[in-house]
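**Q** Okay, handing you the structure first.
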Amino acid sequence: DFSIIYSKDLLPASGGEKVTKEFLHELLNILLGYICKSSRRSGKVLDFHHPHQLKEGLEGFSLQLTDKPETLEQILVDCRDTLKYGVNTGHPRFFNQLSSGLDLIGLAGEWLTSTANSNMFTYEVSPVFILMEEVLLKKMQGIVGWSDDEGDGIFCPGGTISNLYSILVARYYFYPEVKTRGMRALPQLAIFTSEHSHYSVKKSAAVLGMGSENVLMVKCDESGKMIPVELESSIVAAEERGLVPFYVNATAGTTVYGAFDPFNDIADICHGHNLWMHVDAAWGGGLLMSDRHRMKLQGIERAWSVTWNPHKMMGVPLQCSVILIKKRGLLQDCNELGAEYLFQRDKPYDVSYDTGDKSIQCGRHVDVFKFWLMWKAKVFWYQSSRGNFTCGELVVMFASPLPQPEHSNVCFWYIPPTMRGLPPGPDRDTRLHQVAPRIKHRMMEQGSVLIGYQPLGDKVNFFRCVFSNPATQQEDVDFLLDEITRLGND
Ligand code: ABU
Numbered sequence: 033d034f035s036i037i038y039s040k041d042l043l044p045a046s047g048g049e050k051v052t053k054e055f056l057h058e059l060l061n062i063l064l065g066y067i068c069k070s071s072r073r074s075g076k077v078l079d080f081h082h083p084h085q086l087k088e089g090l091e092g093f094s095l096q097l098t099d100k101p102e103t104l105e106q107i108l109v110d111c112r113d114t115l116k117y118g119v120n121t122g123h124p125r126f127f128n129q130l131s132s133g134l135d136l137i138g139l140a141g142e143w144l145t146s147t148a149n150s151n152m153f154t155y156e157v158s159p160v161f162i163l164m165e166e167v168l169l170k171k172m173q174g175i176v177g178w179s180d181d182e183g184d185g186i187f188c189p190g191g192t193i194s195n196l197y198s199i200l201v202a203r204y205y206f207y208p209e210v211k212t213r214g215m216r217a218l219p220q221l222a223i224f225t226s227e228h229s230h231y232s233v234k235k236s237a238a239v240l241g242m243g244s245e246n247v248l249m250v251k252c253d254e255s256g257k258m259i260p261v262e263l264e265s266s267i268v269a270a271e272e273r274g275l276v277p278f279y280v281n282a283t284a285g286t287t288v289y290g291a292f293d294p295f296n297d298i299a300d301i302c303h304g305h306n307l308w309m310h311v312d313a314a315w316g317g318g319l320l321m322s323d324r325h326r327m328k329l330q331g332i333e334r335a336w337s338v339t340w341n342p343h344k345m346m347g348v349p350l351q352c353s354v355i356l357i358k359k360r361g362l363l364q365d366c367n368e369l370g371a372e373y374l375f376q377r378d379k380p381y382d383v384s385y386d387t388g389d390k391s392i393q394c395g396r397h398v399d400v401f402k403f404w405l406m407w408k409a410k411v412f413w414y415q416s417s418r419g420n421f422t423c424g425e426l427v428v429m430f431a432s433p434l435p436q437p438e439h440s441n442v443c444f445w446y447i448p449p450t451m452r453g454l455p456p457g458p459d460r461d462t463r464l465h466q467v468a469p470r471i472k473h474r475m476m477e478q479g480s481v482l483i484g485y486q487p488l489g490d491k492v493n494f495f496r497c498v499f500s501n502p503a504t505q506q507e508d509v510d511f512l513l514d515e516i517t518r519l520g521n522d
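Heads up, the sequence shown is in UniProt numbering, so the first residue is 33 and it goes up one at a time.
Have a look at this one:
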């Protein structure tokens, strides 16, 4: 009975051990109940409510903060309700994002990480985690194809920040004075990325004071791959306009189509113009683990930096993202400020392990442990199973598929029966554009399945189905298609 117990009764209160254990056991029961339910197909993916409904409070669940401490009973009820009104991203029918599923070894790692409650800035406070980071970064650099004397990197909060690091370090490599003199040390720099690449490239240019307009979008072919001759001519055209090209982002697994750019061709162009080549493999990096699919990333080893998100295809619980930099020492030189209260040089150990000054953060969450634990528990499983999924073998009924997928993104239009006789053209497109949002709206209200949609270029709204959840089976794909048909049948 927690109705008369408060947080002040838990450890470190004297005699608080028993109640602490009881409270955490109760919490564990709630979490285990959720975990078991989350993989049952009979349960919902989500119980959708509009923001105003959640704000007003539902069945006693209030988001408002009170003036007096609540009992632990109420705290446990709040934990249960928080899960209840959230989205079950581990459900076999959650197809909405590139990251999904709930890996239990990773979850155990996250629990341990929170229990340790440490900070990644110095070896002094995180000796084990700092060394695990070194081990994993080294491993990933080897898998990318860099030699033993190359490679550096850091875990950071998500793919956008990893991409931002690559631009930051590339700019520092060519213009080291930018660190102290700022923008006065720079000409008008130009960045190149494909029109299908992630928006983080533009965002990073804006954040770094270079201007999103100086990110030049290179044309792609029908399957979403950057066209090398278009890159070459974009670079030349930028130079003619007085811009100074310095960086090219290539993508391994574009967000919507899952396309892989031709890395060797792009590397040749970068080499010819002395440009930094980055590969955003946030989504596609997981394929490096697969003997069958890693050829799609041929040439990635020629990149000067790589983004890779183990929290996507590799299923590590959010978040887990790395930036890998080929040239050692650059990351440290670029970001180091040597705050004397934290990074003292006269500590009683090898202070090169105080890796926190490579980061643009000060406090840094431990994202490495869950990944390290998963690697230990199942590296062969990645190689034999998840990494070897069959791309594009899905049969999409009643639908018109977009280009053949290279990754596990399957993009398609659902054409409702009433539209099947319409000839292609602007009138059909106008109607088709409204189909996916309408079905998604109904899907969210029903909560039975979740899939994303978007327009892209000249293509009106289409569905993007992502397979990255090992819980998903053929029956879930059948269910999704039946559900789309049922919800879109008017
Ligand atoms: N950072 C890209 C994630 C996009 C997605 O999950 O759909």
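From the three backbone atoms N, C-alpha and C, an ideal C-beta is built for every residue, glycine too. The structure presented is a predicted model; accordingly, all values stated were derived computationally and were not measured.
Note down the Cα distance separating Ala503 from Glu54, rounded to an integer number of angstroms.
**A** Against the sequence shown, residue 503 aligns to sequence position 471. Against the sequence shown, residue 54 aligns to sequence position 22. When rounded, the distance between both Cα atoms is 32 angstroms.
**Q** Secondary structure at Leu248, three-state DSSP: helix, strand or coil?
**A** Indexing the sequence shown from 1 puts residue 248 at position 216. Leu248 falls in the strand class under three-state DSSP.
**Q** With respect to the alpha helix (DSSP H) encompassing Leu108, which residues constitute its N-terminal and C-terminal limits?
**A** Taking the first residue of the sequence shown as position 1, residue 108 is located at position 76. Run containing Leu108: Leu104 to Lys116, per the alpha helix (DSSP H) assignment.
**Q** Can you list, in chain order, the residues of its chain whose CB lies under 7 angstroms from that of Tyr205, leaving out five sequence neighbours each side?
**A** Residue mapping note: residue 205 aligns to position 173 of the sequence shown, counting from 1. The answer, listed in chain order, is Trp308 and Leu362.
**Q** Indicate, with yes or no, if ligand 1 has a heavy atom lying under 8 angstroms from the CB of Thr286.
**A** Within the sequence shown, residue 286 is the residue found at index 254, counting from 1. Not so, every heavy atom of ligand 1 lies at least 8 angstroms from the Cβ.
**Q** Less than 6 angstroms between C-beta atoms, sequence neighbours within five positions excluded: which residues of the same chain meet that for Phe375?
**A** To locate residue 375, count along the sequence shown from 1; it is residue 343. Same-chain partners within the cutoff: Asp386 and Asp389.
**Q** So, with DSSP's three-state summary, where would you put Ser146?
**A** Position 114 of the sequence shown, counting from 1, holds the residue named residue 146. Helix, per DSSP.
**Q** Can you have a look at Glu88 and say buried or exposed, based on whether 16 or more other CB atoms are within 10 angstroms of its CB?
**A** Looking up residue 88 in the sequence shown gives position 56. Looking at its Cβ environment, which holds fewer than 16 other Cβ atoms inside 10 Å, Glu88 is exposed.
**Q** For a quick check, are the C-beta atoms of residue 560 and Leu130 less than 9 angstroms apart?
**A** Here the chain comprises residues numbered 33 to 522, so residue 560 is not present and cannot be evaluated.
**Q** Return the first residue and the last residue of the alpha helix (DSSP H) that residue 29 is part of.
**A** Within the shown structure, residues of the chain are numbered from 33 to 522, placing residue 29 beyond reach of any answer.
**Q** Check whether the region 202-218 touches the region 247-263, counting contact only when three or more Cβ pairs, one atom from each stretch, lie closer than 8 angstroms.
**A** Contact between the region 202-218 and the region 247-263 is absent, because fewer than three Cβ pairs lie under 8 angstroms.
**Q** Going by alpha carbons, who is nearest to Met476 out of Leu97, Asn128, Ser74 and Glu91?
**A** In the sequence shown, counting from the first residue as 1, residue 476 sits at position 444. Taking only the C-alpha atoms, the option nearest Met476 is Asn128.
**Q** I need the straight-line Cα distance from Val247 to Ser480, nearest angstrom please.
**A** Translated into the one-based positions of the sequence shown, residue 247 becomes position 215. Translated into the one-based positions of the sequence shown, residue 480 becomes position 448. C-alpha separation (whole angstroms): 40 angstroms.
**Q** Rounded to whole angstroms, what is the Cα-Cα separation between Ser266 and Lys359?
**A** One-based indexing of the sequence shown puts residue 266 at position 234. One-based indexing of the sequence shown puts residue 359 at position 327. Distance between the alpha carbons of Ser266 and Lys359 is about 27 angstroms.
**Q** Do Asp323 and Val311 have their C-beta atoms closer together than 9 angstroms?
**A** Here residue 323 corresponds to residue number 291 of the sequence shown, with the count starting at 1. Here residue 311 corresponds to residue number 279 of the sequence shown, with the count starting at 1. No, they are not a contact pair.
**Q** Verify whether the separation of the beta carbon atoms of Gly183 and Ile355 is less than 9 angstroms.
**A** Locating residue 183 in the sequence shown gives position 151, counting from the first residue. Locating residue 355 in the sequence shown gives position 323, counting from the first residue. No.
**Q** Where do the N-terminal and C-terminal ends of the beta strand (DSSP E) with Phe187 fall, by residue?
**A** Walking along the sequence shown from the start, residue 187 turns up at place 155. Asp184 to Cys188 is the span of the beta strand (DSSP E), which, as asked, contains Phe187.
**Q** Closer than 5 angstroms from C-beta to any heavy atom of ligand 1: which residues, in chain order?
**A** Taking each Cβ in turn, the ones that pass are Gln129, Leu130 and Gly191.
**Q** Run through the DSSP bridge pairs and tell me what Trp340 is partnered with.
**A** Residue numbering aside, residue 340 sits at position 308 when the sequence shown is read from its first letter. Partner(s): Ala313 and Val354.
**Q** For a test of the three-state rule: what should DSSP assign to Val411, helix, strand or coil?
**A** Translated into the one-based positions of the sequence shown, residue 411 becomes position 379. It is helical.
**Q** Using the Cα positions of Asn420 and Asp300, report the straight-line distance between them to the nearest angstrom.
**A** Here the question's residue 420 lines up with position 388 in the sequence shown. Here the question's residue 300 lines up with position 268 in the sequence shown. Here the model assigns Asn420 a pLDDT of 39, short of 50, so the residue's position is not dependable, and the following value carries that caveat. Their Cα atoms are separated by approximately 29 angstroms.
**Q** Pull up the distance between the alpha-carbon of Thr450 and that of Gly318, whole angstroms please.
**A** Translated into positions along the sequence shown, residue 450 becomes position 418. Translated into positions along the sequence shown, residue 318 becomes position 286. Looking at the two C-alpha atoms, the distance is approximately 41 angstroms.
**Q** Taking its Cβ as the centre, do 16 or more other Cβ atoms sit within 10 Å of Tyr66, making it buried, or is it exposed?
**A** In the sequence shown, the residue the question calls residue 66 occupies position 34. Buried, since its Cβ has 16 or more Cβ neighbours within 10 Å.
**Q** Do you know how far the Cα of Glu372 is from the Cα of Pro437?
**A** Along the sequence shown, one-based indexing puts residue 437 at 405. Along the sequence shown, one-based indexing puts residue 372 at 340. Answer to the nearest angstrom: the Cα atoms are 51 angstroms apart.
**Q** For Leu488, report the span of its beta strand (DSSP E) as first-last.
**A** The count along the sequence shown starts at 1 and reaches residue 488 at position 456. Start and end: Leu482 to Leu488.
**Q** Please state the DSSP three-state secondary structure of Asn195.
**A** Here residue 195 corresponds to residue number 163 of the sequence shown, with the count starting at 1. Three-state result, Asn195: helix.
**Q** Between the Cα of His305 and the Cα atoms of Ala291, Glu245, Ile223 and Val288, which residue gives the shortest distance?
**A** Locating residue 305 in the sequence shown gives position 273, where the first residue counts as 1. The shortest C-alpha separation from His305 is found at Ile223.
**Q** Give the range of the alpha helix (DSSP H) segment to which Phe292 is assigned.
**A** Taking the sequence shown and counting its residues from 1, the one referred to as residue 292 is at position 260. Careful: Phe292 lies outside any alpha helix (DSSP H) and carries neither H nor E.
**Q** Indicate the three-state DSSP secondary structure (helix, strand or coil) for Glu515 in the structure shown.
**A** Along the sequence shown, one-based indexing puts residue 515 at 483. In the structure shown, Glu515 sits in a helix (DSSP, three-state: H, G or I).
**Q** Output needed for Met215: all residues of its chain with C-beta closer than 7 angstroms, excluding positions within five of it in sequence on either side, in chain order.
**A** In the sequence shown, counting from the first residue as 1, residue 215 sits at position 183. Correct list, in chain order: Gly241.
**Q** Within the same chain, show all residues whose beta-carbon is closer than 6 angstroms to that of Thr52, passing over the 5 residues directly before and after it, in chain order.
**A** Within the sequence shown, numbered from 1, the residue matching residue 52 stands at position 20. Same-chain partners within the cutoff: Leu42 and Leu43.
**Q** Taking one C-beta from the region 328-343 and one from the region 145-157 each time, how about it: are there three or more such pairs within less than 8 angstroms?
**A** Flag = no, the region 328-343 and the region 145-157 do not touch.
**Q** To the nearest angstrom, report how far apart Gly494 and Gln486 are at their CA atoms.
**A** Residue numbering aside, residue 494 sits at position 462 when the sequence shown is read from its first letter. Residue numbering aside, residue 486 sits at position 454 when the sequence shown is read from its first letter. In the sequence as displayed, the identity of residue 494 is Phe instead of Gly. Going from the Cα of Phe494 to the Cα of Gln486 covers about 6 angstroms.
**Q** Report the rounded CA-to-CA distance for Lys170 versus Ser132, giving the unit in angstroms.
**A** Position 138 of the sequence shown, counted from the first residue, corresponds to residue 170. Position 100 of the sequence shown, counted from the first residue, corresponds to residue 132. Their Cα atoms are separated by approximately 26 angstroms.
**Q** Output needed for Met429: all residues of its chain with C-beta closer than 7 angstroms, excluding positions within five of it in sequence on either side, in chain order.
**A** Numbered from 1 along the sequence shown, position 397 holds the residue referred to as residue 429. Only weak support is given to the placement of Met429: the predicted model assigns it a pLDDT of 38, under 50, and the value that follows is read from those uncertain coordinates. Contacts found: Leu513.
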